[in-house]
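Numbering (the numbering used here), first residue to last: 28 to 320.
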Amino acid sequence: MSEQKIIDGKAFAEKLRGKIAAQVATLKSKNGFTPGLAVVLVGEDPASKVYVRNKGEQTKASGMNSFEHKLDASTSQETLLKLIDQLNRDPQVNGILVQLPLPKQIDAQAVINAIDPDKDVDGFHVVNAGRLATGGQGLVPCTPYGCLLLLKDRLGDLAGKHAVVIGRSNIVGKPMAQLLLNESCTVTIAHSKTKDLPAEVRRADIVIAAVGRPEMVKGDWLKDGAVVIDVGINRIEKDGKGKLVGDCDFQSCLPKASAITPVPGGVGPMTIAMLLHSTLVAACRQHGVALPE
Ligand SMILES: Nc1nc(=O)c2c([nH]1)NC[C@@H]1CN(c3ccc(C(=O)N[C@@H](CCC(=O)O)C(=O)O)cc3)C=[N+]21
């Protein structure tokens with residue numbers, strides 16, 4: 028029973044990647060080009076290295092070109108901006124992702140805003156944030172975009188649903204709220220200064236947890252039958268062992284929710300699948316061709 032409650036983001040992402048691989052094959056044979064994604068990693072953060080490796084592997088598995096740029100932790104902002112400029116002008120590169128966080132000497136928002144907005148597959152450029160906020164065609168941040176697909180797959184039409192987004196980051200919370208608003212949800216954005224978080228969450232048909240606090244959302248905060256999307260990825264110690272947990276207390280949330288994403292195997296794999304999707308979309312726009320069926 029509870030198996031069906033658990034949203035299998037890993038399987039959903041695999042299906043998406045299969046479709047993307049077929050679309051890439053069509054572009055190669057019919058249009059004569061291969062989409063390319065450049066990933067830039069500055070420094071040696073071990074978790075970042077794992078993500079970058081996974082992205083590279085999945086990019087190649089989908090048939091796209093993957094260009095990896097690994098720079099020393101002491102790299103200056105000027106050097107990084109020069110690389111961005113080179114990637115902006117390289118026609119083989121359709122998408123650019125600069126892995127965050129960046130070392131202290133570098134102003135991350137300045138670097139993001141130096142990326143050509145039409146190659147900004149993270150959707151973090153101020154122009155893409157503006158397009159999302161005003162209903163224009165742009166590139167959408169991958170994690171909230173993946174969450175939206177999981178929600179629509181479960182619920183169909185989201186119009187009129189009350190969504191509570193916990194977290195107001197530029198990367199997840201704010202764009203997630205924009206996407207839900209575009210689907211005609213009633214949206215509440217809760218954050219660290221929210222007065223009574225359990226009371227806000229209790230009103231939600233949809234809960235998006237994106238705060239980075241391990242197991243914060245408890246089952247007794249949920250309305251019966253709420254759909255819970257857990258964006259958190261927190262590494263904690265439990266019984267002397269390292270463990271990956273979300274922002275929701277999965278054990279107590281599971282019986283109250285009608286559906287819930289697990290960590291790992293929920294939102295995380297969707298993020299990478301949507302990154303590949305956005306690279307494909309960016310490549311098609313740059314070549315002036317329609318996205319293959
Ligand atoms: N410019 C930029 N764009 C990003 O999208 C970006 C970034 N910087 N910096 C780091 C975060 C983190 N991130 C993840 C992607 C996939 C998983 C993922 O696939 N997780 C798996 C496995 C987790 C594991 O075992 O470690 C899961 O949740 O099942 C996790 C985290 C993208 N990020």
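Ideal Cβ positions, reconstructed from N, Cα and C, are used throughout, including at glycine.
Would you say the beta carbon of Gly292 comes nearer than 7 angstroms to a heavy atom of ligand 1? yes
Looking at Thr298 and ligand 1, is the gap between the Cβ and the nearest heavy atom below 7 angstroms? yes
Can you give the beta carbon distance from Leu249 to Val272, rounded, assuming they're within the 8 angstroms contact cut? Contact doesn't hold; Cβ gap of about 17 angstroms is too wide.
Starting from Arg229, trace the alpha helix (DSSP H) both ways and give me its first and last residue. Leu224 to Arg229
Out of Leu307, His304, Leu124 and Gly295, which one is the CA nearest neighbour of Ile34? Gly295
Assign Asp149 to buried or exposed, taking buried as 16 or more other Cβ atoms, counted over all protein chains shown, within 10 Å of its Cβ. buried
As an exercise, report each continuous alpha helix (DSSP H) stretch of at least 4 residues that is fully enclosed by the stretch 31-64, in chain order. 36-53
Does at least one heavy atom of ligand 1 sit under 7 angstroms from the Cβ of Tyr78? yes
Rounded straight-line distance, which links the Cα of Ala317 to that of Lys110: It is Leu, not Lys, that sits at residue 110 in the sequence shown. Taking the straight line joining both Cα atoms gives about 29 angstroms.
Please classify Leu185: does DSSP put it in a helix, a strand, or coil? coil
Is Val125 a contact residue of ligand 1, with contact defined as CB to any heavy atom under 7 angstroms? yes
For Glu210, count the other beta carbons within 10 Å of its own beta carbon; 16 or more makes it buried, fewer makes it exposed. Which is it? buried
Closer than 7 angstroms by C-beta to Val214: which residues in its own chain qualify, once you throw out the five before and the five after it? Chain order, please. Ala190, Val192, Ala204, Leu207 and Leu208
By Cβ distance below 6 angstroms, which residues in the same chain neighbour Ala300 in space, the five residues on each side in sequence not counted? Ala40, Leu43 and Arg44
Where Asn92 falls: helix, strand or coil (DSSP): strand
Rounded C-alpha distance that separates His304 from Lys97: 23 angstroms
Going by beta carbon distance, what residues of the same chain come within less than 6 angstroms of Ser279, once the five residues before and after it are set aside? Lys245 and Gly246
For Ala190, which three-state DSSP category applies? strand
List the DSSP bridge partners of Asn261. Val272
Cut-off 7 angstroms between Cβ atoms - residues of its own chain near His314, not counting five sequence neighbours on either side: Asn58 and Phe60
Just verifying my parser: in three-state terms, what is the DSSP assignment at Gly239? coil
Following a CB-centred definition, is Leu318 positioned closer than 7 angstroms to any heavy atom of ligand 1? no
Would you identify the three-state DSSP class for Thr161, choosing helix, strand or coil? helix
For Thr213, list the residues DSSP reports as bridge partners. His189
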